[in-house]
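Asker: First residue of the sequence shown? That's 1 in the UniProt record's numbering, and the numbers climb one at a time after it.
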Amino acid sequence: MGSTFVPRLRRRVLGLLAWGGFGRSRSVENYDKLNDIEEGAYGWVARAKEIATGKVVALKRLKIEANDRNGLPVTGIREIQILKDCHHKNIVKLQEVVVGEDTSRIENIFLVLDFLEHDLKSILEDMPQPFLASEVKTLLLQLAGGVAYLHDHYILHRDLKTSNLLLNNRGQLKIADFGMARYVGDPAPKLTQLVVTLWYRAPELLLGAASYGEAVDMWSVGCIFGELLTREPLLQGKNEVDELTKIFELCGIPTEETWPGFRRLPNAKSLRLPASRATAGSVIRAKFPLLTAAGASLLNGLLSLNPARRPSAKEMINHEYFRQDPRPKSEAMFPTFPSKAGQERRRRRDTPNAPGRGQAAELGAVDFSGIFNGREKEERGGGFSLRMV
Numbered sequence: 001m002g003s004t005f006v007p008r009l010r011r012r013v014l015g016l017l018a019w020g021g022f023g024r025s026r027s028v029e030n031y032d033k034l035n036d037i038e039e040g041a042y043g044w045v046a047r048a049k050e051i052a053t054g055k056v057v058a059l060k061r062l063k064i065e066a067n068d069r070n071g072l073p074v075t076g077i078r079e080i081q082i083l084k085d086c087h088h089k090n091i092v093k094l095q096e097v098v099v100g101e102d103t104s105r106i107e108n109i110f111l112v113l114d115f116l117e118h119d120l121k122s123i124l125e126d127m128p129q130p131f132l133a134s135e136v137k138t139l140l141l142q143l144a145g146g147v148a149y150l151h152d153h154y155i156l157h158r159d160l161k162t163s164n165l166l167l168n169n170r171g172q173l174k175i176a177d178f179g180m181a182r183y184v185g186d187p188a189p190k191l192t193q194l195v196v197t198l199w200y201r202a203p204e205l206l207l208g209a210a211s212y213g214e215a216v217d218m219w220s221v222g223c224i225f226g227e228l229l230t231r232e233p234l235l236q237g238k239n240e241v242d243e244l245t246k247i248f249e250l251c252g253i254p255t256e257e258t259w260p261g262f263r264r265l266p267n268a269k270s271l272r273l274p275a276s277r278a279t280a281g282s283v284i285r286a287k288f289p290l291l292t293a294a295g296a297s298l299l300n301g302l303l304s305l306n307p308a309r310r311p312s313a314k315e316m317i318n319h320e321y322f323r324q325d326p327r328p329k330s331e332a333m334f335p336t337f338p339s340k341a342g343q344e345r346r347r348r349r350d351t352p353n354a355p356g357r358g359q360a361a362e363l364g365a366v367d368f369s370g371i372f373n374g375r376e377k378e379e380r381g382g383g384f385s386l387r388m389v
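#1: Taking just the CA atoms, how far does Asp-217 sit from Ala-209?
#2: Cα-Cα, which of Gln-236, Ser-282, Thr-245 is closest to Thr-258?
#3: Is the stretch 172 to 182 close to the stretch 237 to 244, with three or more CB pairs under 8 angstroms?
#4: Assign Trp-44 to one of three DSSP states: helix, strand, or coil.
#5: Counting C-beta neighbours from all protein chains within 10 Å, is the total for Ser-122 16 or more, i.e. buried, or is it exposed?
#6: Give the secondary structure of His-151 by DSSP, where H, G and I count as helix, E and B as strand, and everything else as coil.
#7: In three-state terms, what does DSSP make of Asp-126?
#8: Look at the alpha carbon of residue 471 and the alpha carbon of Ala-176, and state the distance between them as a whole number of angstroms.
#9: Counting along the chain, where does the beta strand (DSSP E) carrying Glu-320 start and finish?
#10: On the premise that Val-98 lies in contact with Ser-25, defined as a C-beta separation below 8 angstroms, what is that separation, rounded to the nearest angstrom?
#11: Judging by CA-CA distance, which residue of Lys-55, Gly-54, Arg-47 is the nearest neighbour of Arg-61?
#12: Could you tell me the alpha carbon to alpha carbon distance between Glu-214 and Arg-264, rounded to whole angstroms?
#13: Rounded C-beta distance between Ala-144 and Ala-313? I'm assuming under 8 angstroms.
#14: Identify every residue that forms a DSSP beta bridge with Arg-24.
#15: Flag this pair as touching only if the stretch 144 to 154 and the stretch 89 to 96 have three or more C-beta atom pairs under 8 angstroms; answer yes or no.
#16: Can you check which of these residues, Arg-231, Asp-325, Asp-85, is closest to Ile-155 by C-alpha distance?
#17: So, at 8 angstroms on beta carbons, what are the nonlocal neighbours of Glu-344 in its own chain, with the 5 sequence-adjacent residues on each side left out?
#18: Would you mind stating whether Leu-116 and Leu-166 have Cβ atoms separated by less than 8 angstroms?
#19: Between Ile-80 and Lys-161, which are expected to be in contact by the criterion C-beta below 8 angstroms, what is the C-beta distance as a whole number of angstroms?
#20: Do Gln-129 and Leu-173 have their C-beta atoms closer together than 8 angstroms?
#21: Relative to the alpha-carbon of Glu-204, which residue among Val-45, Lys-269, Ile-109 has its alpha-carbon at the smallest distance?
#22: Any idea what DSSP makes of Ala-210, helix, strand or coil?
#23: Assign Lys-137 to buried or exposed, taking buried as 16 or more other Cβ atoms, counted over all protein chains shown, within 10 Å of its Cβ.
#24: Only counting the same chain, and skipping five residues up and downstream in sequence, which positions put a Cβ closer than 7 angstroms to that of Ser-304?
#25: As a quick exercise: from Gln-324, Lys-329, Gly-185, Val-221, pick the residue whose alpha carbon is nearest that of Arg-201.
#26: Kindly list the residues whose CB is nearer than 8 angstroms to the CB of Pro-352, restricted to its own chain and excluding five residues on each side of it in sequence; keep chain order.
#27: Tell me the residue span of the alpha helix (DSSP H) that contains Leu-244.
#28: Along the chain, where does the alpha helix (DSSP H) containing Phe-110 start, and where does it finish?
#29: Among residues of its own chain, excluding the 5 on either side of residue 438, which ones have a beta-carbon nearer than 6 angstroms to its beta-carbon?
#30: From this set, Ile-317, Val-184, Phe-110, which residue's C-alpha is nearest His-153's C-alpha?
#31: Could you tell me the distance, in whole angstroms, from the CA atom of Glu-159 to the CA atom of Arg-78?
#32: Could you give the distance in angstroms between the alpha-carbon of His-157 and the alpha-carbon of Asp-32?
#33: Glu-96 lies in the beta strand (DSSP E); which residues open and close that run?
#34: Measure the alpha-carbon distance for Gly-252 versus Glu-331 and round it to whole angstroms.
#35: What are the boundary residues of the beta strand (DSSP E) that includes Arg-61?
#36: If you reduce the DSSP assignment to three classes, tell me which class Gly-2 lands in.
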């Protein structure tokens, strides 16, 4: 890349920040780094302290791709703009944008964000016992509140997962990491399918839908709901085909009756599915026997294969599940946990990263016709494999 291009692109980025209302960006030298927290697909995050005030913040350095000479770094600018526009108690707040001293490096642009002691994934990994039902409801209501705000403002997050949900010691949950978020209109424009971390990715995305909406976020919320109940990610596929396999095993096989038009999706045209209607049902109720009927109804709805049948975030907030005893626990009474962000990296398990920019995978012809053999004799099939045909 030419020696003058990166500084020029950096000036364009900083100019856009000033135009967006940030004014002249301060130097990152106004902050002392305390410790690293994590590094994800869209940036490095550390705990830092503002020297003048002593305030502890999260400092995120954007991974900005400067490979395109004709354009701005889309994901970074989009994340900054969306965070600047969001003002909700359940969405992490962007306090300012600061820059490094090396003017030859465009990646030395940092977001100063609220610091919260935990991410939900780390808590789930270390908990000896699952959250109580009242605590699950508290977390889900806060998540739904933040998602409803985003959707009301025509924003899709597109990477909701437990590691992107932050929690402080006052029981407050905030949605973070907007590296894949974007504004959408109505009707939705053609969008990339290569969004959402694999284990939280909706079936319509896996099947190649180029037009999608709020329902992709609500599928991710359903996956998070299941994870809160089990402390394990609900659908741990090794790749796109394996992820679809696990989805169909849990949620049933799609049919034209349950998901009209799904066969028109690019990756669905060559799928071989079971012919028997007896294999089409969900086993969510059997997987979560301790969940109330209302809770199972909500989870079934969120994990509906047909995106049109998933509840909106507002509908979720008003669901009967949250009106039943035990009621949601007040945030002030929420338990506290040792902070993983204070002195060490948050994530330890190997989990998929958010997808990078590029072309979504094509599944080719996949045979799902045998995955539920024996279900008529068992509550749930004992195992299966896929054949590429």
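C-beta atoms are modelled at their ideal positions from N, C-alpha and C, and glycine is treated no differently.
Answerer: Answer, in terms of the structure:
#1: 14 angstroms
#2: Ser-282
#3: no
#4: Three-state DSSP puts Trp-44 in a strand.
#5: buried
#6: Of the three classes helix, strand and coil, the one that applies to His-151 here is helix, per DSSP.
#7: helix
#8: The chain is shown from 1 up to 389; residue 471 falls before or after that span and cannot be answered.
#9: Counting along the chain, Glu-320 falls outside any beta strand (DSSP E), and DSSP gives it neither H nor E.
#10: With a Cβ gap of about 6 angstroms, Ser-25 and Val-98 count as contacting.
#11: Arg-47
#12: 20 angstroms
#13: Contact flag correct, Cβ pair sits at about 5 angstroms.
#14: Paired residues: none, contrary to the question.
#15: yes
#16: With distances taken between CA atoms, Ile-155 lies nearest to Asp-85 out of Arg-231, Asp-325, Asp-85.
#17: For Glu-344, the pLDDT reaches just 46, beneath the cut-off of 50, and the residue's location in the model is therefore unreliable, leaving the point undetermined.
#18: yes
#19: About 21 angstroms; that fails the 8 angstroms criterion.
#20: no
#21: Taking only the C-alpha atoms, the option nearest Glu-204 is Lys-269.
#22: coil
#23: Within 10 angstroms of the beta-carbon of Lys-137 lie 16 or more other beta-carbons, which makes it buried.
#24: Arg-310
#25: In terms of CA proximity to Arg-201, Val-221 leads the group Gln-324, Lys-329, Gly-185, Val-221.
#26: Here the set comprises Thr-197, Leu-198, Trp-199.
#27: 240 to 251
#28: Following the DSSP letters along the chain, one finds Phe-110 in no alpha helix (DSSP H) but inside the beta strand (DSSP E) bounded by residues 109 to 113.
#29: Summary: the structure shown does not reach residue 438, with the chain confined to residues 1 through 389, and so no result is reported for it.
#30: Val-184
#31: The displayed chain sequence assigns Asp, not Glu, to residue 159. Spanning the two alpha carbons is a distance of roughly 14 angstroms.
#32: 30 angstroms
#33: 94 to 99
#34: 36 angstroms
#35: 56 to 62
#36: Below a pLDDT of 50, predicted positions are generally treated as unreliable, and Gly-2, at 49, falls in that range; no measurement from the model is reported.
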